[in-house]
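Listed in order, the protein sequences are those of chains A and B. Residues 1 to 395, numbered by the working numbering, are exactly what the first sequence covers, in order. Residues 396 to 790, numbered by the working numbering, are exactly what the second sequence covers, in order.
Protein chains: 2
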Amino acid sequence: MTDFAATRDAFHLPDGLTYLDGNSLGPMPRHAADRVAAMMRDEWAGMLISGWNRAGWYVQPRKVGDRIARLIGAGEGQVIMGDTLSIKVFQAVSAALRMRPDRRVILSDSGNFPSDLYVAQGLAETVGAELRVVAPEEVAAHITPDLAVLMLTEVDYRTGRRHDMAALTAAAHEAGALTVWDLAHSAGAVDVDLLGAGADFAVGCTYKYLNGGPGAPAFIWVHPDHAETVRPCLQGWMGHAQPFAFDQGYAPAPGIERMRVGTPPVIALAALDAALDVWEGVDMATLRARSIELSEAFIAGVEAACPELVLHSPRDPAQRGSQVGFRHPQAYAVMQALIAQGVVGDFRAPDVLRFGFAPLYNDMEDVARAVEVLAGVLRQGLWDRPEHHRRAAVT
Amino acid sequence: MTDFAATRDAFHLPDGLTYLDGNSLGPMPRHAADRVAAMMRDEWAGMLISGWNRAGWYVQPRKVGDRIARLIGAGEGQVIMGDTLSIKVFQAVSAALRMRPDRRVILSDSGNFPSDLYVAQGLAETVGAELRVVAPEEVAAHITPDLAVLMLTEVDYRTGRRHDMAALTAAAHEAGALTVWDLAHSAGAVDVDLLGAGADFAVGCTYKYLNGGPGAPAFIWVHPDHAETVRPCLQGWMGHAQPFAFDQGYAPAPGIERMRVGTPPVIALAALDAALDVWEGVDMATLRARSIELSEAFIAGVEAACPELVLHSPRDPAQRGSQVGFRHPQAYAVMQALIAQGVVGDFRAPDVLRFGFAPLYNDMEDVARAVEVLAGVLRQGLWDRPEHHRRAAVT
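Here you go:
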């Protein structure tokens, strides 16, 4: 059994704060600062250039990738770290397009994170492809035989709605298309099974439920059936078969290593590696059950105490990720008032209050306090104060 | 006047080590570890998601870029940080290609860093362009009216040969082409003058002479004449005009901000920002003079003491960056023997010993010791031992 009291204790959580925004930025694992300090002192300062071999910096993107693989239903040697999620989306979709040279259509949905759509749009304009965007519930009906790539984020960043990865992947394959799954709101949040679903590509970030720190490196996974033949469009030297031969021509490295691009972010990978220690021994089915327990209790509590809020997430927990959205016409001001009272969620335009439940450290006390404070803010109209209406650049 | 004794003292340099590999990985500034520890504790752990505004993470890529701008002859608000150099090369070349839709030729040279060539090759295959690679000394003769982009690394990673940025840029413009300059071995090493040369795009890494740490973020500069019209191919949400409006369609942010892609690497940027403190007040002309003084003394010393070595760099310091290469048939083993004696340079295939001179911390004592040890290794044949012939993955 996973000991959630122990995993909660592994994080630095400021006193008095109820943090329900781990789906935006996870908190710092207590030992991450020491790990990074040691890396800087013993490896960068102490080993200098020899750290690439002696400290294993060169192989770190693969080793860290292996630790994430277990959490997303992938195998060893199938996941590699680097860059940002937007870059990994570009890399996956461009590689998939090259595998279907006679097709030019990328299908996505309006619940996808905007950056994924921007990336696909930029790619489509560059290579002469077409990006089609439909409503999330209409995706299945739009999987047509002209489709090259189905590009979806499994869990909607606003509503928490979870796509059926296996069913949509099967339908895409039936139509001769490939799938790219963005796991930004899935990795570390739900029980992802990439190999079981037969997905083709998956990408994700590590600063949300995986707690790697602000701007932590992204990951990419390629199904082993494609890994030895896929040809990346972003061809960097770290993905070369022999990076240190300094050949002038590109030759892809074996397997997933070819999806590396430039020099890996060594300091950031040290922080992420420390964060992944907390995941050791965590059973993903237990995690999923805990996530559902927390979000179900939150929905029930809010609906009982805050009749003016409208649930913006699927009611069926099987169709949700690990977050819950509620709508309110003054959602921005309500969230500011909540934050002022020490309950941190997120506002997402135009009118969504978003609450993430990270089973590693959120517990039923967090749920109870969030419900209580939210009900109080609404009952007393605390949101309707000038200081809560300022609009800043928030994430 | 720049006080090089003070800047040297700002770095952690292991006792007894003569480090001439700052052109591969710069050493750690002493205060960088504290800065990163404070950032993790006070910002990530202490502020959580609010760090994006309260700690200024969101604007950090621009603020750090401004600090680098001064070192490369660019203006404020013209440089932005993020990703890796390979990604920034892709971004610059793809953007330049879009500005010349009726032309499809990218010209580069065989002295360019292989990753730049791989990236251009991948891009060319993806968009249907042609990459032409000629010898460095033949670049000028190959600037023809069909050229879309001239993509060069200013300072050759093996020989240290420095291109004439102003002259080649003028020739490219005369032919109607745009220029992309890779400053990997220039930024912090020589007196770059991007605005004076009239360059169009420039990119660079920050883990070499700028000492940002292993895998530190890259930078990109776009000439202000293009910055408001250039259309990036890598369209990420951080480069959107209104990232937090979560529009479905991409609209580029004003100016250089549009060259941002995904979430910035906050921890790595803290280390880099600390490293840039050491550059405060450093005069680039003084730095360049110091670099020439060091490399001239090294060449003279080596040629006097090691007749079997062949200079692999231009003899005229005006045509060199801040590194010197010498050839030896057993260069790999020679470098291993040098490292065993505490003199750290670099081997570059097939037969080059590479020594970088970082004026911020290298001094004439380093030069004298390197010459002495190198001469001893060669005179006594110390390189010809089995342990120096193992070939590992080095960078």
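Heads up, the beta-carbon is just placed ideally off N, CA and C, and yes, glycines get one too.
message = For leucine 704/B, report the span of its beta strand (DSSP E) as first-last.
response = Residue 704/B sits at position 309 when you count from the first residue of the second sequence. Judged by DSSP secondary structure, leucine 704/B falls outside any beta strand (DSSP E); it is assigned neither H nor E.
request  = Return the CA-CA distance between glycine 204/A and serine 505/B, expressed in angstroms with no decimal places.
outcome  = Position 204 of the first sequence, counted from the first residue, corresponds to residue 204/A. Position 110 of the second sequence, counted from the first residue, corresponds to residue 505/B. Their Cα atoms are separated by approximately 36 Å.
query = Going along the stretch 405 to 416 of chain B in order, which residues come within less than 8 Å of chain A, judged by CB to CB distance?
reply = Under the 8 Å Cβ criterion, the stretch 405 to 416 of chain B contributes His407, Pro409, Leu412, Tyr414 and Asp416.
message = Taking its Cβ as the centre, do 16 or more other Cβ atoms sit within 10 Å of aspartate 200/A, making it buried, or is it exposed?
response = As a working note, residue 200/A is residue 200 in the first sequence. Flag for aspartate 200/A reads buried.
Interfacial residues, the stretch 201 to 215 of chain A to chain B, with Cβ spacing under 8 Å = Cys205, Tyr207, Gly213, Pro214 and Gly215
request  = Give the secondary structure of arginine 161/A by DSSP, where H, G and I count as helix, E and B as strand, and everything else as coil.
outcome  = The residue labelled residue 161/A in the question sits at position 161 within the first sequence. Residue state for arginine 161/A is assigned as strand, using DSSP reduced to three classes.
message = Would you say proline 496/B lies against chain A (beta-carbon separation less than 9 Å)?
response = Walking along the second sequence from the start, residue 496/B turns up at place 101. Chain A, which has no Cβ nearer than 9 Å to the Cβ of proline 496/B, makes this no.
query = How about leucine 545/B: is its C-beta nearer than 9 Å to some C-beta of chain A?
reply = Walking along the second sequence from the start, residue 545/B turns up at place 150. So, not an interface residue.
inquiry  = I need the straight-line Cα distance from aspartate 410/B to glycine 608/B, nearest angstrom please.
reply    = Here residue 410/B refers to the residue found at position 15 of the second sequence. Here residue 608/B refers to the residue found at position 213 of the second sequence. Whole-angstrom Cα-Cα distance: 19 Å.
request  = Could you tell me the distance, in whole angstroms, from the CA atom of proline 638/B to the CA atom of threonine 658/B?
outcome  = Numbered from its first residue, the second sequence carries residue 638/B at position 243. Numbered from its first residue, the second sequence carries residue 658/B at position 263. For proline 638/B and threonine 658/B, the distance between alpha carbons rounds to 11 Å.
query = What is the DSSP secondary structure of arginine 743/B, counted as helix, strand or coil?
reply = The residue given as residue 743/B occupies position 348 in the second sequence. Strand at arginine 743/B.
request  = Find the residues of chain B that neighbour cysteine 233/A, judging by a C-beta separation of less than 8 Å, and give them in chain order.
outcome  = Within the first sequence, residue 233/A is the residue found at index 233, counting from 1. What cysteine 233/A touches in chain B: Gly517, Leu518, Glu520 and Thr521.
query = At which residues does the alpha helix (DSSP H) containing glutamine 91/A begin and terminate?
reply = Here residue 91/A is taken as the residue at index 91 of the first sequence, counted from 1. First-last of the alpha helix (DSSP H) with glutamine 91/A: 85 to 99.
Interface partners of methionine 401/A on chain B, CB under 9 Å = For chain A, the structure presents residues 1 to 395; residue 401/A sits outside this window and is missing.
key: For aspartate 9/A, the three-state DSSP class (helix, strand or coil)   = To locate residue 9/A, count along the first sequence from 1; it is residue 9. Correct three-state label for aspartate 9/A: helix.
ask   = Helix, strand or coil for aspartate 504/B per DSSP?
value = Here the question's residue 504/B lines up with position 109 in the second sequence. Strand at aspartate 504/B.
ask   = For valine 793/B, which of Ala405/B, Leu412/B, Phe399/B and Arg462/B has the nearest alpha-carbon?
value = Past the edges of chain B, shown from 396 to 790, lies residue 793/B, and the structure says nothing about it.
message = On the CB-based measure, 16 or more other CB atoms within 10 Å of its CB, does lysine 603/B come out buried or exposed?
response = For the purposes of this step, residue 603/B is taken as the residue at position 208 of the second sequence. Under this definition lysine 603/B is a buried residue.
inquiry  = Does glutamine 336/A come out as helix, strand or coil in the three-state DSSP assignment?
reply    = By one-based count along the first sequence, residue 336/A stands at place 336. Residue state, collapsed to three classes: helix.
key: Near-chain B residues of the stretch 70 to 87 of chain A - C-beta to any C-beta below 9 Å   = Gly82, Asp83, Thr84, Leu85, Ser86 and Ile87
Under 7 Å from the C-beta of histidine 635/B: neighbouring residues of chain A = To locate residue 635/B, count along the second sequence from 1; it is residue 240. Simply Tyr118.
key: CB of asparagine 211/A within 9 Å of CB of phenylalanine 4/A, strictly   = Within the first sequence, numbered from 1, the residue matching residue 211/A stands at position 211. Within the first sequence, numbered from 1, the residue matching residue 4/A stands at position 4. Going by C-beta atoms, asparagine 211/A is not nearer than 9 Å to phenylalanine 4/A.
inquiry  = Taking beta-carbon pairs under 7 Å, can you tell me which members of the stretch 654 to 682 of chain B lie near chain A?
reply    = Val656, Gly657, Thr658, Pro659, Pro660, Val661, Ile662, Ala663 and Ala666
request  = Give the DSSP bridge partners of glutamate 525/B, in chain order.
outcome  = By one-based count along the second sequence, residue 525/B stands at place 130. DSSP lists Val500/B as partners of glutamate 525/B.
message = Can you list, in chain order, the residues of its chain with a C-beta nearer than 6 Å to that of tyrosine 361/A? Leave out the 5 residues immediately preceding and following it.
response = As a first step, residue 361/A must be located in the first sequence, where it is residue number 361. The residues are Arg8 and Phe11.
message = Taking the alpha-carbon of arginine 710/B as reference, which of Ala543/B, Arg553/B, Glu691/B and Ser419/B has the nearest alpha-carbon?
response = In the second sequence, residue 710/B corresponds to position 315, counting from 1. Relative to the Cα of arginine 710/B, the nearest Cα in the group Ala543/B, Arg553/B, Glu691/B and Ser419/B belongs to Glu691/B.
ask   = If you draw a straight line from the alpha carbon of alanine 787/B to that of alanine 666/B, how long is it in whole angstroms?
value = Locating residue 787/B in the second sequence gives position 392, counting from the first residue. Locating residue 666/B in the second sequence gives position 271, counting from the first residue. Residue confidence for alanine 787/B is low, a pLDDT of 49 falling below 50, so the modelled location carries little weight and cannot support an answer.
query = Where does the unbroken beta strand (DSSP E) through glycine 599/B begin, and where does it stop?
reply = Along the second sequence, one-based indexing puts residue 599/B at 204. Note, glycine 599/B: beta strand (DSSP E), 596 to 599.
key: Near-chain A residues of the stretch 735 to 749 of chain B (beta-carbon distance less than 8 Å), N- to C-terminal order   = Val739, Asp741, Arg743 and Ala744
task = Starting from alanine 197/A, find everything on chain B with Cβ-Cβ shorter than 8 Å and list it in chain order.
result = Residue numbering aside, residue 197/A sits at position 197 when the first sequence is read from its first letter. Those do not exist, as alanine 197/A stays about 25 Å from chain B at its closest Cβ, beyond 8 Å.
task = Going by CA-CA distance only, name the one from Gln486/B, Ala515/B, Gly523/B and Met476/B that's closest to arginine 498/B.
result = Within the second sequence, the letter at position 103 stands for residue 498/B. Of the listed residues, the one whose Cα sits closest to arginine 498/B is Gly523/B.
query = Is glycine 249/A close to chain B, meaning its C-beta is less than 9 Å from at least one C-beta of that chain?
reply = Residue 249/A sits at position 249 when you count from the first residue of the first sequence. So yes, glycine 249/A belongs to the interface.
inquiry  = I need the straight-line Cα distance from tryptophan 279/A to alanine 358/A, nearest angstrom please.
reply    = Mapped onto the first sequence, residue 279/A falls at position 279. Mapped onto the first sequence, residue 358/A falls at position 358. C-alpha separation (whole angstroms): 12 Å.
request  = Spell out whether any CB of chain B is found under 9 Å from the CB atom of valine 334/A.
outcome  = If you number the first sequence from 1, residue 334/A lands on position 334. Not an interface residue.
request  = Specify the secondary structure class of tyrosine 414/B as computed by DSSP and reduced to three states.
outcome  = As a first step, residue 414/B is located in the second sequence; it is residue number 19 there, counting from the start. In this structure, tyrosine 414/B counts as strand in the three-state DSSP scheme.
message = Does the stretch 214 to 224 of chain A come into contact with the stretch 84 to 99 of chain A, if we say contact requires no fewer than three beta-carbon pairs (one atom in each stretch) closer than 8 Å?
response = yes
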